[in-house]
Amino acid sequence: MKDPTPKKARQTILRKPVTKGLYRGFEAEGLADRLTGVCERTAALYRENAEAPKALKTHLKQLLPMIAFYEAAIQATGSKEAALTIFEKYAFTELTGMIGRIRPFMKLGLYRLVPVICEPMLDKLFGRAAGFDYRRVPDAPPFAVDMLRCPYVDTCARYGCPELTRFACEADDITYGSLHPKLVWQRTQTLGKGGSCCDFRLYIDKEKRK
815 MKDPTPKKAR QTILRKPVTK GLYRGFEAEG LADRLTGVCE RTAALYRENA EAPKALKTHL
875 KQLLPMIAFY EAAIQATGSK EAALTIFEKY AFTELTGMIG RIRPFMKLGL YRLVPVICEP
935 MLDKLFGRAA GFDYRRVPDA PPFAVDMLRC PYVDTCARYG CPELTRFACE ADDITYGSLH
995 PKLVWQRTQT LGKGGSCCDF RLYIDKEKRK
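Using the numbering used here, the first residue of the sequence shown is number 815, and each one after it goes up by one.
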């Protein structure tokens, strides 16, 4: 983001489903007076990361506001536990609604394209330039990748909130795990939840009925 300001930060927050959900959640919890500070902190975080590679900034646009919301929630509630409760309640409300609107299009057969699309997106959005490192898994149904390093983990650790990373993991589960019954999303562990890797598996199960 060029010349990040609180106003521009707010616009970005309201364009991203997770942070939009948190924004609405602050309003619902009587914390609307904290939103100006969240936007100011987000703008400051954007400035701190102005030199990040372009590919990484794609991920930071949502993650850095999440950190700002978390810090504000801790200040407002007095504990990390209470702040995490707010995240659990509101972080995915908008995302769940968005996936619900996409799901009917998947029923038209578009679900078959999802594993195919993920492969060319891998290096562009989840490659080393974005702070990831991964290995492809041979002799496995596409899409099969083990993620060995994740900028969400690194960035949350750098800002002292490693416990926040799991919300990025859970956003993946919501996004890919409920698009279509035949689209199988599997992951037994994640770096964000203490695993040795994120073992992504996404493929079409031809045995399942619609």
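A virtual CB, placed ideally from N, CA and C, is assigned to each residue, including glycine.
Fewer than three Cβ pairs drawn from the region 943-951 and the region 1001-1008 lie within less than 8 Å of each other, which leaves the two stretches out of contact. By DSSP's assignment, methionine 961 forms a beta bridge with Tyr948 and Cys1012. Going by beta carbons, arginine 855 and alanine 882 fall inside the 7 Å limit.
Annotation: the region 855-894 contains the following complete segments of the alpha helix (DSSP H) (minimum length 4 residues), in chain order: 868-891. Contact check for methionine 912 against proline 831 passes: the beta carbons are separated by less than 7 Å. Leucine 997: not part of any alpha helix (DSSP H); member of the beta strand (DSSP E) spanning 997-1000, first to last residue. With a threshold of 16 other beta carbon atoms within 10 Å, phenylalanine 919 falls short and is exposed. Glu865 is the residue among Arg829, Thr850, Gly844 and Glu865 whose C-alpha sits nearest the C-alpha of aspartate 817. In the same chain as tryptophan 999, and ignoring 5 residues on each side of it, the C-beta atoms closer than 6 Å to its own belong to Tyr990, Gly991 and Leu1016, in chain order. Less than 7 Å divides the Cβ of glutamate 908 from the Cβ of glycine 835. Isoleucine 900 places its beta carbon 7 Å or farther from that of glycine 851. In the three-state reduction of the DSSP assignment, tyrosine 1017 falls in the strand class.
Residue environment: methionine 961 is assigned as buried (16 or more neighbouring CB atoms within 10 Å of its CB, all protein chains considered).
The residues Phe840, Ala886 and Ala890, in chain order, have a CB closer than 7 Å to that of arginine 848 in the same chain once the five nearest residues on each side in sequence are set aside. Taken through DSSP and simplified to helix, strand or coil, alanine 954 comes out as coil. Assigned with DSSP and collapsed to three states, glutamate 843 falls in coil, not helix or strand. Taking C-beta atoms under 8 Å as the contact rule, cysteine 964 and cysteine 1012 qualify, at a distance of about 7 Å.
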